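See below for the structure under consideration.
There are 2 protein chains.
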Amino acid sequence: MHANTVIRALGALAQEHRLAAFRALVQAGADGLSAGAIAEKLQLPNSSLSFHLAQLTNAGLILQERRGRSLIYSADYAAMNGLIGYLMENCCAGAACTPDVTCSLSEERNVA
Amino acid sequence: MHANTVIRALGALAQEHRLAAFRALVQAGADGLSAGAIAEKLQLPNSSLSFHLAQLTNAGLILQERRGRSLIYSADYAAMNGLIGYLMENCCAGAACTPDVTCSLSEERNVA
DNA sequence: GCTTCATTTCGATAGTTCTCGAAATATCTA
DNA sequence: TAGATATTTCGAGAACTATCGAAATGAAGC
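Same order as they appear, the protein sequences are chains R and B.
Using numbering that gives the first Met the number 0, read the first sequence as starting at 0 and increasing by one per residue.
Using numbering that gives the first Met the number 0, read the second sequence as starting at 0 and increasing by one per residue.
Structure follows, in structure tokens:
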């Protein structure tokens, strides 16, 4: 993961409502949540939430998909893996502190 | 680690010069680097760098210590552990993807 | 094709962040 | 205490970010 991508991802998560939205999407799993569902959950006006979802999308942290009239958002686990991987390799102790971390939707726990 | 602390830490790292400074400090290890050394490394005016170091300090990611005329900065590994831990627990797949990650100055690699 | 529902884009406003030179502060040496 | 060195704080300007109502877009159902 390139430093510039990392900066955009960190910036996207560094905001109360966006962090909350992302956490909600992670909890929701593969099914994702509609924009409306997130707005209600976070108690935010639609237009405000839309702005934040756009930031997260732009940072490559979430995915958008139309289902009927609704736009369904879901967390991009690969991007999150990349981010955490970068932090561990570059911002932890010189060398990575634990190699090969992988996050996924399934319950597989890949601890060596 | 509390969500608010996490947001401050993410925001602190979400900036080109600050991410670079933090990485430099991580690489420097326990000895740390003086403000001047970092400024030269990053090719930044002292006052600009000072601003960024203040942000990182404020976010609790780095530590300051006076050594003679110089102020020596060093990475706070515990804070970084906390941040990565939070991301893995809350922003990875529902449950944490790997438990008990620890970063430290020594070369100990605590992979199960 | 008109209506309804879900969501985004626009526009204006307020607030925050970044940048960097100049001035201030703190420490050491003689 | 004067002079040099290391760094921070101040101040002002430009750039970006967040907020939210109102208007626009897109899809579905009748």
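We put the beta carbon where it would ideally sit given N, CA and C, even for glycine.
A quick note: this is a predicted structure, and the numbers were derived from the prediction, not measured.
Exposure label - residue i; buried when at least 16 CB within 10 Å
i	result
Gln-26(R)	exposed
Asn-109(R)	Residue confidence is low: Asn-109(R) scores 37 on pLDDT, short of 50, so the model does not pin down where it sits. No coordinate-derived value is stated.
Ala-38(R)	buried
His-51(R)	buried
Gly-81(B)	buried
Gly-131(R)	In the structure displayed, chain R extends from 0 to 111; residue 131(R) sits before or after that span and is not available.
Ala-142(B)	Residue numbering for chain B in the displayed model covers 0 to 111; residue 142(B) lies beyond these limits and cannot be assessed.
Ala-2(R)	exposed
Arg-17(R)	buried
Val-5(B)	buried
Ala-58(R)	buried
Ala-20(B)	buried
Glu-15(R)	exposed
Opposing strand residues paired with residue i [DSSP bridges]
i	result
Ile-61(R)	Ala-74(R)
Leu-32(B)	Tyr-72(B)
Arg-66(R)	Ser-69(R)
Contact belief for residue i with residue j at Cβ below 8 Å, rounded distance in angstroms
i	j	result
Leu-12(R)	Leu-55(B)	No, Leu-12(R) and Leu-55(B) are not in contact; Cβ-Cβ is about 17 Å, not under 8 Å.
Asn-61(B)	Leu-24(B)	First, the amino acid is wrong: residue 61(B) is Ile here, not Asn. The pair is a contact, with the Cβ atoms about 6 Å apart (cut-off 8 Å).
Cys-91(B)	Met-79(R)	6 Å
Ala-34(R)	Leu-48(R)	6 Å
Arg-89(B)	Arg-66(R)	According to the sequence shown, residue 89(B) is Asn rather than Arg. About 26 Å separates the two Cβ atoms, so there is no contact after all.
Tyr-76(R)	Gln-63(R)	In fact, because the Cβ distance is near 15 Å, the residues do not count as touching under 8 Å.
**Message:** Short of 7 Å Cβ to Cβ, which residues in the stretch 47–62 of chain R face chain B?
**Reply:** none
**Asked** If you measure beta-carbon to beta-carbon, which residues of the stretch 61–80 of chain R are closer than 9 Å to chain B?
**Response** Ala-74, Tyr-76, Met-79, Asn-80
**Message:** Please identify, using Cβ separations under 9 Å, the residues of the stretch 5–16 of chain B that lie next to chain R, in order along the chain.
**Reply:** Answer set for the stretch 5–16 of chain B: Val-5, Ile-6, Arg-7, Ala-8, Leu-9, Gly-10, Ala-11, Leu-12, Ala-13, Gln-14, Glu-15.
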